[in-house]
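A short write-up of the structure that comes next.
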Amino acid sequence: MSRFFDLVSKPARDMGGYSPGAPAPSREVRPQLIKLDSNENPFGPSPRAIEAMRSTLAAVNTYPDDNCSLLRHKLATEHGLRPEQVLVTPGSTALLGLLCQTLLGPALNAVTSQRSFIVYSLAVHAAGAHVIEAPMRDDTFDLDAILAAIDANTRLAFLANPNNPTGTMVEAATVERFLARVPGHVVVVLDEAYYEFALHFAAQRGVTYSRSLDYLRQGASVVVLRTFSKAHGLAGLRVGYGLGPAELLGYCARMRNTFSVSSVAQSAALAALDDQEHIQRVVENNALQAEALWQGLNDLGYRAVPTSANFICCDLGEDAAAVSRRLQDEGVGVRPLGPWGAPNCIRVTIGTPAQNAAFLNALRRVAERGFIVGSQTLAES
Ligand SMILES: Cc1ncc(COP(=O)(O)O)c(C=O)c1O
């Protein structure tokens with residue numbers, strides 16, 4: 596039946612693969628689909644980034660700078676690190692893959708939590724290793740359970756902070772206590788993809804979000820992941836970076852594809868870093884709209900988890916995949932969390948005020964009609 600099954604590597608045979616949200620709809624097919632399923636930035640990139648991309652286009656006949664030197668230096672300066680402590684990759688997920696290829700292999704494992712970023716287990720499996728998922732407690736990480744899951748074969752521990760898909764954040768003091776107890780043979784990945792949003796929320800709430808770069812400066816075995824995909828609105832370009840020990844990032848760099856971060860992406864990222872006003876507008880909208888969305892969901896009678904990111908996790912008390920299909924019919928895309936083991940929950944991106952109002956109205960209409968109408972649901976599934 597299959598020509599290649601016996602030829603491909605074991606990880607390629609065994610892996611399930613990533614299922615992204617709905618692809619951006621073509622204008623003809625779904626002109627008005629409101630895409631709240633992938634934690635993207637509803638305001639798009641900074642105008643400065645767009646201008647920078649335009650000015651790079653005429654030179655795309657030449658290969659990009661393989662070391663992303665300008666961007667790397669700028670990031671190093673901004674974070675008070677040396678350039679060797681920065682590695683730019685095509686999205687931070689690419690660095691997850693490099694870390695797994697560099698540190699893992701058969702018989703080794705990585706530890707993370709249940710209901711966390713799905714790419715962790717994909718990257719670990721692709722490296723032929725095992726993933727151990729510690730249980731969650733109250734929609735957030737149980738760092739004691741993660742510690743307890745670490746064994747002699749563990750090389751990586753992943754903490755998404757804030758976590759995707761729950762949106763919950765672990766405060767700096769808690770991370771510090773965790774790091775103090777992690778054994779020396781384990782590299783901790785502090786995935787801060789939603790850093791700018793979390794920082795804003797933490798300031799509002801009077802808590803300390805992250806001191807991750809301090810740990811790095813003190814010589815801890817941590818790699819901090821950041822991305823231009825979220826607050827900077829450049830998800831489609833694929834550019835992110837890791838901040839970590841120079842030696843470890845050097846090994847990761849050996850494993851990467853050459854010229855993997857395009858010149859267009861590098862120039863856009865450089866320009867995006869300079870547009871703090873854009874970031875400010877994005878995080879302020881996000882915080883205001885998080886409140887409106889959370890309240891709207893509560894008013895409809897649903898339990899929504901308070902968020903520190905640009906999305907909200909909400910328990911609908913019903914089959915979320917069926918509700919999501921209905922919402923899609925109403926013109927709104929959200930992510931059902933069945934693949935995360937939460938079949939009654941959705942994750943909805945915090946959009947513009949108009950998008951969020953449209954989502955809440957659509958959800959109200961779907962709820963009023965009743966989510967699951969026996970035969971119709973059967974026919975859908
Ligand atoms: C926790 C987490 N890390 C990393 C990423 C991916 O970022 P990038 O687009 O840089 O690969 C995401 C994206 O959704 C995420 O939720």
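Residue numbers for the sequence shown follow the numbering used here, so the first one is 596 and each next one is one higher. Glycine included, C-beta positions come from ideal geometry on N, C-alpha and C. In this text, all values refer to a predicted model and were calculated from it rather than measured experimentally.
{"Item": "Looking only at C-alpha atoms, which of L785, T761, L751, A744 sits nearest to E771?", "Value": "L785"}
{"Item": "Based on Cα-Cα distance, which residue from Q884, A953, A721, R649 lies nearest to L698?", "Value": "A721"}
{"Item": "Taking L829 as the reference, which of R598, A644, F600 has the closest Cα?", "Value": "A644"}
{"Item": "Given this structure, state the Cα-to-Cα distance separating E635 from C908, to the nearest angstrom.", "Value": "15 Å"}
{"Item": "Pick from P678, A867, A788: whose alpha carbon is nearest that of K825?", "Value": "A788"}
{"Item": "Rank V817, L958, K669 by C-alpha distance to the C-alpha of L892 and give the top, closest one.", "Value": "L958"}
{"Item": "Near ligand 1, which residues have their beta-carbon closer than 6 Å to a heavy atom?", "Value": "N634, G686, S687, T688, F712, A755, N759, D786, A788, T822, S824, A830, G835"}
{"Item": "Run the CB neighbour count on G686, radius 10 Å, all protein chains shown included, and call it buried at 16 or more, exposed below.", "Value": "buried"}
{"Item": "Write down every uninterrupted run of the beta strand (DSSP E) in the segment 698-759 whose length is 3 residues or greater and which is fully enclosed by it, in chain order.", "Value": "704-708, 725-729, 749-755"}
{"Item": "Suppose the cutoff is 7 Å on Cβ atoms and the five residues either side in sequence are ignored; what does the same chain contact list for G611 look like?", "Value": "none"}
{"Item": "Take the Cβ of G675 as the centre, count every other Cβ of all protein chains shown within 10 Å, and call the residue buried at 16 or more, exposed below.", "Value": "exposed"}
{"Item": "Could you give the first and the last residue of the continuous alpha helix (DSSP H) run that contains T651?", "Value": "642-652"}
{"Item": "For C908, which residues does DSSP report across the bridge?", "Value": "R942"}
{"Item": "Where DSSP assigns a beta bridge to G837, which residues make up the other side?", "Value": "L682, L820"}
{"Item": "Would you kindly work out how many angstroms separate the C-alpha atoms of G839 and F753, rounded to a whole number?", "Value": "14 Å"}
{"Item": "Can you name, in chain order, every residue of its own chain whose Cβ lies under 6 Å from the Cβ of H827, other than the five neighbours on each side?", "Value": "A867"}
{"Item": "When the Cα of M731 is compared with those of A953, M764, V834, A747, which residue comes out closest?", "Value": "M764"}
{"Item": "Quick check on V603: does DSSP put it in helix, strand or coil?", "Value": "coil"}
{"Item": "With a CB to CB cut of under 6 Å and the five nearest residues on each side skipped, what residues in its chain are close to S976?", "Value": "At S976, the pLDDT of 34 sits below 50, so the modelled position is not reliable and the matter cannot be decided from this model."}
{"Item": "So, with DSSP's three-state summary, where would you put V856?", "Value": "coil"}
{"Item": "I'd like the span of the alpha helix (DSSP H) that includes D786, first residue to last.", "Value": "No alpha helix (DSSP H) contains D786, which is instead part of the beta strand (DSSP E) from 782-786."}
{"Item": "Thinking C-alpha only, which one of L888, N881, L911 is nearest Q799?", "Value": "N881"}
{"Item": "So what's R812 in DSSP terms, helix, strand or just coil?", "Value": "helix"}
{"Item": "Is I741 near A729, with beta carbons less than 7 Å apart?", "Value": "yes"}
{"Item": "Can you give me the C-alpha to C-alpha distance between N852 and R898, rounded to a whole angstrom?", "Value": "44 Å"}
{"Item": "Note down, in chain order, each residue of its chain lying with its Cβ closer than 7 Å to the Cβ of P637, except the 5 sequence neighbours on either side.", "Value": "G946, T947, Q950"}
{"Item": "What is the DSSP secondary structure of R622, counted as helix, strand or coil?", "Value": "Residue confidence is low: R622 scores 44 on pLDDT, short of 50, so the model does not pin down where it sits. No coordinate-derived value is stated."}
{"Item": "So for V802, helix, strand or coil by DSSP?", "Value": "coil"}
{"Item": "Please classify S621 as buried or exposed, where buried requires at least 16 neighbouring CB atoms within 10 angstroms.", "Value": "Here S621 scores only 45 on pLDDT, less than 50, and its place in the model is too uncertain to base an answer on."}
{"Item": "Could you please give the first and the last residue of the uninterrupted alpha helix (DSSP H) stretch that includes F773?", "Value": "767-776"}
{"Item": "Compute the beta-carbon to beta-carbon distance between G837 and V817, rounded to the nearest angstrom, for a pair I have assumed lies under 8 Å.", "Value": "Rounded, the Cβ-Cβ distance is 10 Å, inconsistent with contact."}
{"Item": "Starting from the Cα of A841, find the closest Cα among A860, R649, L811 and give me that residue.", "Value": "L811"}
{"Item": "Compute the Euclidean distance between the alpha carbons of P659 and V781, then round it to the nearest angstrom.", "Value": "34 Å"}
{"Item": "Within 10 angstroms of the Cβ of K630, are there 16 or more other Cβ atoms? Answer buried if so, exposed if not.", "Value": "buried"}
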